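Data first, discussion second: the structure below is written as structure tokens.
Protein chains: 2
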Amino acid sequence: MNNPSFRNWQSVQEEVLRRIHARVWTPGNLIPNEADLALEFGCARTTVNRALRSLAESGLLDRRRKAGTRVAAQPVAKATLDITVIRIEIEDRGQKYGYQRIERGETVPPLAISGAMKTHATRPLLHVRALHMADDTPYAFEDRWINPEVVPKGLAESYETVSANEWLLKHAPYTHGEIAFSATSATSEEAGILCCNKNSALLTIDRLTWDGSSTVTKVRLLFEPGHQLRTNL
Amino acid sequence: MNNPSFRNWQSVQEEVLRRIHARVWTPGNLIPNEADLALEFGCARTTVNRALRSLAESGLLDRRRKAGTRVAAQPVAKATLDITVIRIEIEDRGQKYGYQRIERGETVPPLAISGAMKTHATRPLLHVRALHMADDTPYAFEDRWINPEVVPKGLAESYETVSANEWLLKHAPYTHGEIAFSATSATSEEAGILCCNKNSALLTIDRLTWDGSSTVTKVRLLFEPGHQLRTNL
DNA sequence: CAGTTTTTTATGTATGTACATAATAACATT
DNA sequence: AATGTTATTATGTACATACATAAAAAACTG
Numbered sequence: 001m002n003n004p005s006f007r008n009w010q011s012v013q014e015e016v017l018r019r020i021h022a023r024v025w026t027p028g029n030l031i032p033n034e035a036d037l038a039l040e041f042g043c044a045r046t047t048v049n050r051a052l053r054s055l056a057e058s059g060l061l062d063r064r065r066k067a068g069t070r071v072a073a074q075p076v077a078k079a080t081l082d083i084t085v086i087r088i089e090i091e092d093r094g095q096k097y098g099y100q101r102i103e104r105g106e107t108v109p110p111l112a113i114s115g116a117m118k119t120h121a122t123r124p125l126l127h128v129r130a131l132h133m134a135d136d137t138p139y140a141f142e143d144r145w146i147n148p149e150v151v152p153k154g155l156a157e158s159y160e161t162v163s164a165n166e167w168l169l170k171h172a173p174y175t176h177g178e179i180a181f182s183a184t185s186a187t188s189e190e191a192g193i194l195c196c197n198k199n200s201a202l203l204t205i206d207r208l209t210w211d212g213s214s215t216v217t218k219v220r221l222l223f224e225p226g227h228q229l230r231t232n233l
Numbered sequence: 234m235n236n237p238s239f240r241n242w243q244s245v246q247e248e249v250l251r252r253i254h255a256r257v258w259t260p261g262n263l264i265p266n267e268a269d270l271a272l273e274f275g276c277a278r279t280t281v282n283r284a285l286r287s288l289a290e291s292g293l294l295d296r297r298r299k300a301g302t303r304v305a306a307q308p309v310a311k312a313t314l315d316i317t318v319i320r321i322e323i324e325d326r327g328q329k330y331g332y333q334r335i336e337r338g339e340t341v342p343p344l345a346i347s348g349a350m351k352t353h354a355t356r357p358l359l360h361v362r363a364l365h366m367a368d369d370t371p372y373a374f375e376d377r378w379i380n381p382e383v384v385p386k387g388l389a390e391s392y393e394t395v396s397a398n399e400w401l402l403k404h405a406p407y408t409h410g411e412i413a414f415s416a417t418s419a420t421s422e423e424a425g426i427l428c429c430n431k432n433s434a435l436l437t438i439d440r441l442t443w444d445g446s447s448t449v450t451k452v453r454l455l456f457e458p459g460h461q462l463r464t465n466l
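Sequences listed follow chains A and F, in order. Under the working numbering, the first sequence has 30 at position 30, and the numbering climbs by one with no breaks. Under the working numbering, the second sequence has 386 at position 153, and the numbering climbs by one with no breaks.
Written as structure tokens, this is what we have:
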């Protein structure tokens, strides 16, 4: 064996990837331990650790104390979608952002909403509906419920020029949330708003965000027909 | 100041999160440098670095050499979806997995396919269509094209009992890929296969995987109506 | 031999030190 | 003032070492 000497964690990672790819190390099987690899690569164990930990985070390796490190039997590809403010999303594509508030009110929500948000069934919530546009064509319809107990300052906003999407991200901190992707058929009202045919298939994102133990907001985003969310693996 | 002493990177991270959350450090603004934080927290700079790096990876902090670390003005939430073998996906839900091959053939693909896969327009590819079932009801329809030049062994498979989805993950390595989520309307054929109404809105995943500079496979997955992909933020 | 305890071992992480790197700030030059 | 050069500085990383921790394997015990 010669001495290629992998002196930084990125090159160690590349070499490990190469071996997995070249089937030197095969799915489900153990790879040498960190100490041995460090010796072989001519670097410190911490450097190997850094490389392997990072690969484990991305799902390509399974690591367990004492049990060792093995190539993931069925590599769980992790598709990471960047969820950002819609305005930025559109501007990043080089399109002109447009926004239009459709409705704003303090109303008692349907049971499905108060149930999911775990608010009292008779308690009114702030309800904001708006349309986001890219280059003057409809891009996404936002239907949002905001919990005024958690975000009292949200009641003072009109959401006429700044979307709730953006205002909340800036002013309402949250600790965690859930997100769900699905496909729904456009109702006739939604079709009207998005300027598409009734029953068009719409990519839908439902998001529920929490601040500690109370819900901040629940939002449904309906994207224009044909919209794609893309990422690399 | 008292001395709470944060002795591991997780607790440092928690404290940093707490301060961001409590608006001690606000979006867009600089936070103290690693050395100062290490001093304050009573730990080594490497420990602070570990905590901050991890937060930067998840999009909550922006870090630049010399410029320092600041709370992300625009917190990009990263939704990580685990894309795994469909059989595992179903079994993890505690449901019975079923599989049925619908079609297998070596045919010249439509131009849209050969174009995306960058194969010669007249070259036949392996085409496999199959249905994945959960508890005996249709779950996902898989429509796949395989490049036999890259995966010659794939030609020997019938895909009658083992899905192409699973076979490929085990036998065909890939270096990178693209994935796109969208919503499509069920054609009458798709509706027949998935036992749903025509024009139902179907969550759709298109995936294209590469091995170096050649495409391994292109697959479209159509999920049963109402299907959701969920994750936490 | 089943069940429990101890040992072993591979990963996980904390620390001090040293140097690398990128980007800004300060300075000098024309 | 515009431009090029040189410090300065915060993050990024490598390393040796030490200890923590989880889990498997071995030893022990009734």
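Even glycine gets a Cβ: it sits at the ideal position worked out from N, Cα and C. Here the structure is a predicted model, which is why all the values come from computation and not from measurement.
Using only CA atoms, which one of the options lies nearest to residue i?
{"i": "F:K451", "options": "F:Y392, F:K351, F:T417 and F:R252", "result": "F:K351"}
{"i": "A:P34", "options": "A:V48, A:C43 and A:I179", "result": "Per the sequence presented here, residue 34 of chain A reads as Glu, with Pro not at that position. Ranking A:V48, A:C43 and A:I179 by Cα distance to A:E34 puts A:V48 first."}
{"i": "A:L111", "options": "A:S54, A:T122 and A:T175", "result": "A:T122"}
{"i": "A:R230", "options": "F:D325, F:R463 and F:A413", "result": "F:A413"}
{"i": "A:N197", "options": "A:A51, A:F223 and A:S188", "result": "A:S188"}
{"i": "A:T184", "options": "F:P458, F:K403 and F:E411", "result": "F:P458"}
{"i": "A:P75", "options": "F:A424, F:F456 and F:H409", "result": "F:H409"}
{"i": "A:V85", "options": "A:R45, A:S214 and A:S163", "result": "A:S163"}
{"i": "F:I346", "options": "F:S238, F:T448, F:H365 and F:Q461", "result": "F:T448"}
{"i": "A:L60", "options": "A:L39, A:P32, A:I20 and A:R93", "result": "A:I20"}
{"i": "F:K299", "options": "F:W378, F:T437, F:P265 and F:S391", "result": "F:P265"}
{"i": "A:S54", "options": "A:W25, A:D36, A:Q10 and A:A22", "result": "A:Q10"}
{"i": "A:L169", "options": "F:S238, F:L250 and F:A310", "result": "F:A310"}
{"i": "F:A349", "options": "F:I379, F:T370 and F:D369", "result": "F:I379"}
{"i": "F:A255", "options": "A:H227, A:Y174, A:V24 and A:P148", "result": "A:Y174"}
{"i": "F:L270", "options": "F:F239, F:A289 and F:E290", "result": "F:F239"}
{"i": "F:P385", "options": "F:E339, F:A419, F:R251 and F:A289", "result": "F:E339"}
{"i": "A:P148", "options": "A:T161, A:H171 and A:D136", "result": "A:H171"}
Would you mind giving the Cβ-Cβ distance between residue i and residue j, rounded to the nearest angstrom? I have them listed as a contact below 8 Å.
{"i": "A:L155", "j": "A:L202", "result": "That pair is no contact at about 30 Å."}
{"i": "F:A305", "j": "F:D295", "result": "5 Å"}
{"i": "F:Q246", "j": "F:A277", "result": "In fact, because the Cβ distance is near 15 Å, the residues do not count as touching under 8 Å."}
{"i": "F:E390", "j": "F:W400", "result": "6 Å"}
{"i": "A:S182", "j": "A:A191", "result": "Contact doesn't hold; Cβ gap of about 18 Å is too wide."}
What residues from chain A crowd round residue i, counting only those whose CB sits closer than 7 Å?
{"i": "F:D315", "result": "V76 and K78"}
{"i": "F:Q461", "result": "A180, F181 and S182"}
{"i": "F:N282", "result": "What F:N282 touches in chain A: nothing, since even the nearest Cβ is about 12 Å away."}
Do residue j and residue i come within 8 Å of each other at the CB atom, strictly closer than that value?
{"i": "F:R320", "j": "F:Y330", "result": "yes"}
{"i": "A:A79", "j": "A:L208", "result": "no"}
{"i": "F:E375", "j": "F:L454", "result": "yes"}
{"i": "F:V383", "j": "F:D444", "result": "yes"}
{"i": "F:G275", "j": "F:R303", "result": "no"}
{"i": "F:Q328", "j": "F:A363", "result": "no"}
{"i": "A:Y139", "j": "A:I90", "result": "yes"}
{"i": "F:G301", "j": "F:L272", "result": "no"}
{"i": "F:Y392", "j": "F:H365", "result": "no"}
By the three-class DSSP mapping on this structure, what secondary structure does residue i have?
{"i": "F:H254", "result": "helix"}
{"i": "F:M234", "result": "Reliability fails at F:M234, whose pLDDT of 44 lies under 50, so the model's placement of it is uncertain and no value is given."}
{"i": "F:K386", "result": "helix"}
{"i": "F:S287", "result": "helix"}
{"i": "A:H127", "result": "strand"}
{"i": "A:N232", "result": "strand"}
{"i": "A:F6", "result": "coil"}
{"i": "A:K198", "result": "coil"}
{"i": "A:A77", "result": "strand"}
{"i": "A:R93", "result": "coil"}
{"i": "A:E189", "result": "helix"}
{"i": "F:A416", "result": "strand"}
{"i": "F:I316", "result": "strand"}
{"i": "A:S214", "result": "strand"}
{"i": "F:D369", "result": "coil"}
{"i": "F:I264", "result": "coil"}
{"i": "A:T69", "result": "strand"}
{"i": "F:E496", "result": "This structure gives no information on residue 496 of chain F, because the portion of chain F shown stretches from 234 to 466."}
{"i": "F:T352", "result": "coil"}
Using a C-beta to C-beta distance shorter than 7 Å, which residues of chain F count as neighbours of residue i?
{"i": "A:V85", "result": "Q307"}
{"i": "A:P138", "result": "Neighbours of A:P138 on chain F: none; closest Cβ ~15 Å, over 7 Å."}
{"i": "A:L202", "result": "A416 and A434"}
Under 8 Å Cβ-Cβ, which residues of chain A neighbour residue i?
{"i": "F:P406", "result": "I20, H21 and R23"}
{"i": "F:H409", "result": "N232 and L233"}
Determine the chain A residues that contact residue i at a beta-carbon separation under 9 Å, and present them in chain order.
{"i": "F:G348", "result": "Within chain A, no residue comes near F:G348; the closest Cβ sits about 17 Å away, beyond 9 Å."}
At a threshold of 7 Å, does residue i count as lining the ligand FMN (C-beta to nearest heavy atom)?
{"i": "F:M366", "result": "Because no ligand of any kind appears in the structure shown, any question about the ligand FMN cannot be addressed here."}
Residues of chain F with CB closer than 8 Å to the CB of residue i, please, in chain order.
{"i": "A:I88", "result": "Q307"}
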